[in-house]
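What follows is a set of notes on a single structure, which appears directly below.
2 protein chains.
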Amino acid sequence: MSNPTSIDALARQSFEDYVAGAVYEFGAIAVDEDDVIGFGNQFDPQPFHTDPAAASQWHFGGLIASGWHTGALAMRLLVDHFLPVTASLGSPGVDELRWPRPVRPGDVLSLRVTILEARRSTSKPDRGFMRTHIEVLNQHREVVMSLKAMNLLRCAS
Amino acid sequence: MSNPTSIDALARQSFEDYVAGAVYEFGAIAVDEDDVIGFGNQFDPQPFHTDPAAASQWHFGGLIASGWHTGALAMRLLVDHFLPVTASLGSPGVDELRWPRPVRPGDVLSLRVTILEARRSTSKPDRGFMRTHIEVLNQHREVVMSLKAMNLLRCAS
Numbered sequence: 059m060s061n062p063t064s065i066d067a068l069a070r071q072s073f074e075d076y077v078a079g080a081v082y083e084f085g086a087i088a089v090d091e092d093d094v095i096g097f098g099n100q101f102d103p104q105p106f107h108t109d110p111a112a113a114s115q116w117h118f119g120g121l122i123a124s125g126w127h128t129g130a131l132a133m134r135l136l137v138d139h140f141l142p143v144t145a146s147l148g149s150p151g152v153d154e155l156r157w158p159r160p161v162r163p164g165d166v167l168s169l170r171v172t173i174l175e176a177r178r179s180t181s182k183p184d185r186g187f188m189r190t191h192i193e194v195l196n197q198h199r200e201v202v203m204s205l206k207a208m209n210l211l212r213c214a215s
Numbered sequence: 059m060s061n062p063t064s065i066d067a068l069a070r071q072s073f074e075d076y077v078a079g080a081v082y083e084f085g086a087i088a089v090d091e092d093d094v095i096g097f098g099n100q101f102d103p104q105p106f107h108t109d110p111a112a113a114s115q116w117h118f119g120g121l122i123a124s125g126w127h128t129g130a131l132a133m134r135l136l137v138d139h140f141l142p143v144t145a146s147l148g149s150p151g152v153d154e155l156r157w158p159r160p161v162r163p164g165d166v167l168s169l170r171v172t173i174l175e176a177r178r179s180t181s182k183p184d185r186g187f188m189r190t191h192i193e194v195l196n197q198h199r200e201v202v203m204s205l206k207a208m209n210l211l212r213c214a215s
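So the protein sequences, as listed, match chains A and B. Going by the numbering used here, the first sequence opens with residue 59, and the numbers climb by one from there. Going by the numbering used here, the second sequence opens with residue 59, and the numbers climb by one from there.
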């Protein structure tokens, strides 16, 4: 099994391009303090996401990104580097979403994606079902978020 | 077991205010087309989240919100109406996150939260662990997102 470290947009056109066992790594995306605070104020206004002074007194010891912000940043990396541009049919859901370490301003995130399963639908043979294990890594290669995702992809033939 | 339909901020100060079996309903938050497109462009630039014309040709039949956007909107409702303002210690993770129906511009979302489990930590007795079943409902009271969340909360005594 080859384990490429990136997947070119031209090589991700349809379900058939995704094979169980393959591992991809790609990124990176920087986490900016203004973005952490902005996302926090809009969607998750808890002091450890929005107020650096208050956050420094909290048990995290400083500002951390909302878990939903980290998820959204990971989604951006998936769309830019992994999912098929014209064959993505959305996701029924996600399992085992975890935030084992905080994401802090200044961190740089990248993704490691392992394809766990890829099978053609029997009821709708124009599409396939994929399960992936997605790990979000910081610049120290520590896992800051992980999840198991499901995706539906259009087949080429 | 009482099943209040809202939980006042003054009544949610610490872990002890959360009891297994209680059900809360609250909201609402409106989903705006500009916000759907803005979130999509920033975090999930797939055509069914960002391009109304392309989305109308897609199998969803129109623009839909990114699942991470729906999650972020649900988080806002949790912070505003359910989690304890000064006793929230973050979340280790989420299980069984599902998006059974699309969220469309113009939808109005509310939350139904059932407390599945609330137990004091034995290793760290100043905090408690809570598991909830969270359902995001649209204005037709259809479930558009559901998840099982874990939260750590500070105890009052």
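Think of the CB as a built atom: it goes at the ideal place given N, C-alpha and C, for glycine as much as any other residue. Here the structure is a predicted model, which is why all the values come from computation and not from measurement.
So if DSSP puts residue i in a beta bridge, which residue, or which two residues, is it bridged to?
i, result
"glutamate 83(A)", "Arg170(A)"
"serine 146(B)", "Leu211(B)"
"glutamate 175(A)", "Arg189(A)"
"arginine 156(A)", "Ser204(A), Gly151(B)"
"valine 194(A)", "Leu169(A), Met203(A)"
Residues of chain B with CB closer than 8 Å to the CB of residue i, please, in chain order.
i, result
"glycine 85(A)", "Those do not exist, as glycine 85(A) stays about 15 Å from chain B at its closest Cβ, beyond 8 Å."
Contact check, residue i vs residue j under 8 Å by CB: the rounded distance?
i, j, result
"serine 149(A)", "asparagine 209(A)", "5 Å"
"alanine 112(B)", "proline 105(B)", "4 Å"
"glycine 98(B)", "histidine 107(B)", "3 Å"
"valine 166(B)", "alanine 123(B)", "So it is not a contact: roughly 12 Å between Cβ atoms."
"leucine 195(B)", "serine 72(B)", "Not a contact, Cβ separation roughly 28 Å."
"valine 94(A)", "histidine 127(A)", "7 Å"
"glutamate 91(A)", "leucine 121(A)", "7 Å"
"glutamate 175(A)", "alanine 78(A)", "6 Å"
"serine 168(B)", "phenylalanine 101(B)", "Wrong, their Cβ atoms sit about 23 Å apart, outside the cutoff."
"leucine 147(A)", "arginine 185(A)", "6 Å"
"proline 158(A)", "valine 201(A)", "6 Å"
"methionine 203(A)", "glycine 129(A)", "7 Å"
"glutamate 154(B)", "aspartate 153(A)", "6 Å"
By the criterion of Cβ-Cβ separation under 7 Å, what are the contact partners of residue i in chain B?
i, result
"arginine 156(A)", "Pro150, Gly151"
For residue i, return the contacting residues in chain A, with the cut-off set at a CB-CB distance below 7 Å.
i, result
"valine 137(B)", "Asp102, Pro103, Gln104"
"leucine 147(B)", "His117"
Chain A contacts made by the stretch 110 to 135 of chain B, where a contact means CB separation under 9 Å: Trp116, His117, Phe118, Ile122, Ser124, Gly125, Trp126, His127, Gly129, Ala130, Leu131, Ala132, Met133, Arg134
Near-chain B residues of the stretch 75 to 103 of chain A (beta-carbon distance less than 8 Å), N- to C-terminal order: Phe97, Gln100, Phe101, Asp102, Pro103
Alpha helix (DSSP H) runs wholly inside the stretch 83 to 114 of chain A, at least 4 long, in chain order: 91 to 101, 105 to 108
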